[in-house]
Structure formats: C-alpha cells, structure tokens
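Chemist:
Number of protein chains: 2
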Amino acid sequence: MSTSSAAYGPPGTPGRGPDPRAARSRAAALAAAQELLVEQGWAAVTHVAVAARSGVGRTTLYRHWPDTSGMLRDAVVQRIQAAHITPSGDLRADLVGELDALRRLLHDPVSEHGMRAVIERAGVDPVFARLKQELYAAGSRVQREILERARAAGELPADLDVDLAVDRLAGPLVYRRLLAGAEFGTDVVQAVVDGFLAAEAPRG
Amino acid sequence: MSTSSAAYGPPGTPGRGPDPRAARSRAAALAAAQELLVEQGWAAVTHVAVAARSGVGRTTLYRHWPDTSGMLRDAVVQRIQAAHITPSGDLRADLVGELDALRRLLHDPVSEHGMRAVIERAGVDPVFARLKQELYAAGSRVQREILERARAAGELPADLDVDLAVDRLAGPLVYRRLLAGAEFGTDVVQAVVDGFLAAEAPRG
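Residue numbers (the UniProt record's numbering), protein chains in the order written: chain A, 1 to 204; chain B, 1 to 204.
(1) So, helix, strand or coil for F184/A, using DSSP?
(2) From P20/A to V38/A, what does the alpha carbon distance come to, in whole angstroms?
(3) Compare the beta carbon distance of S111/A and V166/A with 8 Å and say whether it is the shorter of the two.
(4) DSSP three-state label for I80/B, please.
(5) Sort G171/A, A51/A and P66/A by Cα distance to A29/A and report the nearest one.
(6) For S2/A, is the classification buried or exposed, using 16 other Cβ atoms within 10 angstroms of its Cβ as the cut-off for buried?
(7) Any C-beta of chain B sitting closer than 8 Å to the C-beta of A188/A?
(8) Does the separation of the CB atoms of V162/B and H84/B fall below 8 Å?
(9) Does E35/A pass the burial test, meaning 16 or more other C-beta atoms within 10 Å, or should it be called exposed?
(10) Assuming contact is defined by CB atoms lying nearer than 8 Å, are V127/B and S69/B in contact in what I supplied?
(11) Check each candidate in R24/A, L169/A and R121/A and name the one with the smallest Cα separation from A198/A.
(12) A153/A lies in the alpha helix (DSSP H); which residues open and close that run?
(13) Run the CB neighbour count on R176/A, radius 10 Å, all protein chains shown included, and call it buried at 16 or more, exposed below.
(14) What residues in its chain sit with their C-beta under 7 Å from that of G97/B, if we drop five residues either side in the sequence?
(15) Does the pairing of the region 90-108 of chain A with the region 134-149 of chain A give three or more beta-carbon distances under 8 Å?
(16) Which stretch, first to last residue, makes up the alpha helix (DSSP H) that contains I85/B?
(17) My output table needs one value for T46/A: the three-state DSSP class, helix, strand or coil.
(18) As an exercise, report each continuous beta strand (DSSP E) stretch of at least 3 residues that is fully enclosed by the region 92-151 of chain A, in chain order.
(19) Go ahead and label E120/A buried or exposed: buried means 16 or more other beta carbons lie within 10 angstroms of its beta carbon, across all protein chains shown.
(20) Excluding the 5 residues flanking A182/B on each side, which residues of the same chain have their C-beta closer than 7 Å to its C-beta?
(21) Let me know the secondary structure DSSP gives L197/B once reduced to three states.
(22) Mind checking P172/B: buried by the 16 CB within 10 Å criterion, or exposed?
(23) Is the Cβ of G123/B closer than 8 Å to any Cβ of chain A?
(24) Spell out whether any CB of chain B is found under 8 Å from the CB atom of G185/A.
(25) Under 8 Å by Cβ, that's how I've got R79/B and L105/B pegged, so tell me the actual separation to the nearest angstrom.
(26) Taking C-beta pairs closer than 8 Å, name the residues in chain A that L95/B reaches, listed in chain order.
(27) Under a Cβ-count criterion, where at least 16 other Cβ atoms within 10 Å of its own Cβ denotes burial, should residue 205/A be classed as buried or exposed?
(28) Closest to A31/A by CA distance: which of Q40/A, R53/A, G123/A and G41/A is it?
(29) Since I believe V48/B is in contact with A33/B (beta carbons under 8 Å), could you give me their beta-carbon distance rounded to a whole number of angstroms?
(30) Closest to R103/A by CA distance: which of W65/A, G154/A and D187/A is it?
(31) If you compare alpha carbons, which of Q81/A, A82/A, W42/A and R26/A is closest to T59/A?
(32) Just to make sure I have the definition right: I need the residues of chain B whose C-beta is within less than 7 Å of the C-beta of D159/A. Which are they?
(33) What is the rounded straight-line gap between the Cα of L131/A and the Cα of S140/A?
(34) Just how far apart, CA to CA, sit G195/B and H64/A?
(35) Do L179/A and V189/B count as a contact pair if the criterion is CB distance below 8 Å?
(36) With DSSP as the reference, label A158/B as helix, strand or coil.
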C-alpha cells in the first residue's frame, strides 16, 4: 500500500481518493470490453484486445484486472446492479415491475451477452461458475424478497417453494430471449406473472 | 462424386453404402469432440485438438466437417434427437414425460454443454444462431404437438398462446439447470406442469 502510494506522490501527501486519470482509464477499458463482448463474445475480451481498442496500456489493465474474468465481471455487473426496483408491497405490481427489469436486462446488449457468456463459461471454468452464482443471487434477490413478504402475509401459500417460484417466473423470460431468440414486451411479463398467480394465489 | 469414389475402389465397383472405416473415424472424431466440449467448452473443439485426441487425420476431419460448427452440431444433435417421447393423448402424462426428457438432456454432460455453447455463440455467430434455432425447433416440436392436440380437444383454452406455453413449461427447467446451477428430479417437472395446468386447465 505505501509502495503504491509512494509511486503517485511524495510521502506524507494526504489521501485524495481515487486518481481521476485511473478512473478515466478504467471507464475507457470497461467500455471497450463491453463492445468486444457484444461484437465477438467473451473469448474476444482479452488484455491485448482491450488495450488496442481503448488506448489504455496493457500494464495498467493487468494492474486493474489480473484476470480477464474480473474485467468481464466488472463490465457486466454495473448494468445488473442498477436494474432492481424497490418493492411497494403490492404483490402483482412488484412481480411485474421486478421481472420487467429482468426483461430490460435481457434486451440490453451488454447484459444479454454477459449472461450468454457466463452460462457457457460456468460449465467449464470455476471462476465463471462463481461469477454466475453471484449474478444469479444478485439477480434473484428482490424477487425472493417480494415472494417471501407475500408468503408471510398469507397472499401466497405458506409452503411455497421460493426457489421453484423464481424458476417459474424468471425462467420463461430467460428462455424466450436466450433460447427461442425472441424480443418481447411487458405484456409477456404480465402473462407469466398472471399465470403464476392464477396457480398459487387463486383467492386474490 | 465420381472422383471421390474412384479414390476408394476401381471404377465400376457397385455402391456398398458408407465405407466402414470412414464411419469408424467419424464416430471416433465425434467422441473426441464431445469430450473436449465437456472438459473445456466449444472453443476447444478445433480440428487440431480433435485430430490429436482421436487419432483421426486432420485432412479426414476437414473432409467430414469443413467448419468446426458442423462438428459441434453433429456431436450434440444425436443426443437431442433420441430424447423425445411418443405422446399418448393424456395431457398431464405427456407433458411430464416430454419435459422429463428435457430434464434428462439438461443433466447429460454432452447436451448440457452443447446447449451452453450454442446459447453463447448464437449471440455473436450467425452459424450458431441458425444451429440454436434448429435445436430450439427440434427440442420444442413434441411439446407443441401435445399442447395443440389438447387445445383442439378443449382441454386447454382455445386462445392459448402455444409459444408462451412452451416458455412457461421448458423455461423453468432450463433456468434451474443452466442459471441456478441446480440438479433436480422428476418431482420438479411435475410441479412445473401442475402449476401450468392449474392456471390453464382448472376444470381438469
């Protein structure tokens, strides 16, 4: 830590937060990584290719991200974290709102290609398998909160399997976009939510 | 055609069907391609790597499959084609049976890794995009037949959206295996089918 700060200023200089030049080169590198991911897939997101496209030096890239998986993660995660809603307590509106956020991610080129990449790499690379679990946990967290609140309030069955409910709500949307290859709107999200509620909350 | 048969026998030899040695080398190459796919992903399935592992010459491999995508397709397709059931006319039993065939494919290393590979490559490579559409059409064909028969017989609503019904039935299983990363049994298939039928065929 002291070695690294000594490289950027004289000893004793008070901390000033992140170097703005470092922040700019990080942003330029992530933008280049996102473009390469969308155009050519994860295999094209290498230190050499990102350096060539962004103009950021390879040494700087290796300092930010020793492995390409970390670079890919940072390129994707910022999109996914920004997408969640804040639940209101209205079960149907909350499910439609949160799953419509997933629908938008599935139609955003960066997060769509990021999901395709982690699905593939997770099958053969433990680093990506961990990354996929992180994205799955982060991506389904608010869905779980909505379902668990409704279960506690008696709006859903007390013995509802929340994992399976997430599969039944998010699965059709992911399948329709990544397997069937279709684009779709909020009407499909509403139909999936209404089908789920017709089976699980018929008294509503 | 005549040039190629001239290489294997004297002119005028009657046709004898495929050369058994060619069939053996094709099978050895596909087995090696399946191993590489499962161990390292699609990017490892190259003519050089398949030749090294199978002992089949590179010239022979290029004659069978000018492109690696064709080699990968043949390595995966034989698994998927063998999996379908023959519907009996009992709606619930047919849906559970056909979706349980999908569940088994999702737990077979070759078809599981094949699905992961085409989901990723389809986003950036038109050859794989076509392959994914072929696999999607072949994989959902029997589900559609079951749903359309039941709709015609009045067991499902006349205005049922069959595409969306496939998403709601197959999507949760694909999501649970490829995204959530879970292994599961026929009980999950039954729960997904029963949830769908509770929403769409409540009078049954």
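All C-beta atoms in this analysis are idealised placements derived from N, C-alpha and C, irrespective of residue type, glycine included.
Modeler: Taking the structure as given:
(1) Taking the first residue of the first sequence as 1, we reach residue 184/A at position 184. Of the three classes helix, strand and coil, the one that applies to F184/A here is coil, per DSSP.
(2) In the first sequence, counting from the first residue as 1, residue 20/A sits at position 20. In the first sequence, counting from the first residue as 1, residue 38/A sits at position 38. P20/A and V38/A: Cα-Cα distance of roughly 27 Å.
(3) Along the first sequence, read from residue 1 onward, the residue named residue 111/A stands at position 111. Along the first sequence, read from residue 1 onward, the residue named residue 166/A stands at position 166. Against a cut-off of 8 Å, the Cβ pair of V166/A and S111/A comes out as no contact.
(4) As a first step, residue 80/B is located in the second sequence; it is residue number 80 there, counting from the start. Correct three-state label for I80/B: helix.
(5) Here residue 29/A is taken as the residue at index 29 of the first sequence, counted from 1. Here the closest residue by C-alpha is A51/A.
(6) One-based indexing of the first sequence puts residue 2/A at position 2. Low local confidence applies: a pLDDT of 36 at S2/A is under 50, so the model's placement there is unreliable, with the coordinate-based value given in what follows. S2/A comes out exposed.
(7) Taking the first residue of the first sequence as position 1, residue 188/A is located at position 188. Note that residue 188/A corresponds to Val in the displayed sequence, not to Ala. It does; some Cβ of chain B falls within 8 Å.
(8) Here residue 162/B corresponds to residue number 162 of the second sequence, with the count starting at 1. Here residue 84/B corresponds to residue number 84 of the second sequence, with the count starting at 1. Taking 8 Å as the Cβ cut-off, V162/B and H84/B do not qualify as a contacting pair.
(9) Here the question's residue 35/A lines up with position 35 in the first sequence. That one is buried.
(10) On the second sequence, residue 127/B is found 127 positions in, with the first residue counted as 1. On the second sequence, residue 69/B is found 69 positions in, with the first residue counted as 1. Their beta carbons are under 8 Å apart, which means V127/B touches S69/B by this criterion.
(11) The residue labelled residue 198/A in the question sits at position 198 within the first sequence. Of the candidates R24/A, L169/A and R121/A, the one whose C-alpha sits nearest the C-alpha of A198/A is L169/A.
(12) As a working mapping, residue 153/A is identified with position 153 in the first sequence. No alpha helix (DSSP H) holds A153/A; DSSP gives it neither H nor E.
(13) Residue numbering aside, residue 176/A sits at position 176 when the first sequence is read from its first letter. When all chains shown are included, R176/A counts as buried.
(14) On the second sequence, position 97 is the one that residue 97/B refers to. Once the five neighbours on either side are set aside, the close Cβ partners of G97/B are I85.
(15) yes
(16) The residue given as residue 85/B occupies position 85 in the second sequence. Segment: none, I85/B is in no alpha helix (DSSP H) and carries neither H nor E.
(17) Against the first sequence, residue 46/A aligns to sequence position 46. Here T46/A sits in coil by DSSP.
(18) none
(19) Indexing the first sequence from 1 puts residue 120/A at position 120. Label assigned to E120/A: buried.
(20) Taking the first residue of the second sequence as position 1, residue 182/B is located at position 182. Taken in chain order, the residues that qualify are R176.
(21) Within the second sequence, numbered from 1, the residue matching residue 197/B stands at position 197. L197/B: helix per DSSP, three-state reduction.
(22) Your numbering for residue 172/B matches position 172 in the second sequence. Buried, because 16 or more other Cβ atoms sit within 10 Å of the Cβ of P172/B.
(23) The count along the second sequence starts at 1 and reaches residue 123/B at position 123. At least one chain A Cβ lies under 8 Å of G123/B.
(24) For the purposes of this step, residue 185/A is taken as the residue at position 185 of the first sequence. Not an interface residue.
(25) In the second sequence, residue 79/B corresponds to position 79, counting from 1. In the second sequence, residue 105/B corresponds to position 105, counting from 1. Yes, R79/B and L105/B are in contact; Cβ-Cβ is about 7 Å, under 8 Å.
(26) Reading the second sequence from its first residue, position 95 is the one you call residue 95/B. None at all; the shortest Cβ gap to chain A is about 14 Å.
(27) Not covered by the structure: residue 205/A. The range shown for chain A is 1 to 204.
(28) In the first sequence, the residue the question calls residue 31/A occupies position 31. For A31/A, the nearest C-alpha among the options comes from R53/A.
(29) Within the second sequence, numbered from 1, the residue matching residue 33/B stands at position 33. Within the second sequence, numbered from 1, the residue matching residue 48/B stands at position 48. Incorrect: roughly 12 Å between the Cβ atoms, too far for contact.
(30) For the purposes of this step, residue 103/A is taken as residue 103 along the first sequence, with counting starting at 1. With distances taken between Cα atoms, R103/A lies closest to D187/A.
(31) As a working mapping, residue 59/A is identified with position 59 in the first sequence. Comparing Cα positions, the closest option is R26/A.
(32) Your numbering for residue 159/A matches position 159 in the first sequence. Near D159/A there are no residues of chain B at all, since even the closest Cβ is about 12 Å away, more than 7 Å.
(33) The residue given as residue 131/A occupies position 131 in the first sequence. The residue given as residue 140/A occupies position 140 in the first sequence. Between L131/A and S140/A, the C-alpha separation is close to 14 Å.
(34) Here residue 195/B refers to the residue found at position 195 when the second sequence is read from its first residue. Here residue 64/A refers to the residue found at position 64 when the first sequence is read from its first residue. Going by the C-alpha atoms only, they are around 47 Å apart.
(35) Position 189 of the second sequence, counted from the start, is the residue given in the question as residue 189/B. Position 179 of the first sequence, counted from the start, is the residue given in the question as residue 179/A. No, the Cβ-Cβ distance between V189/B and L179/A is not below 8 Å.
(36) Here residue 158/B refers to the residue found at position 158 of the second sequence. Coil, per DSSP.
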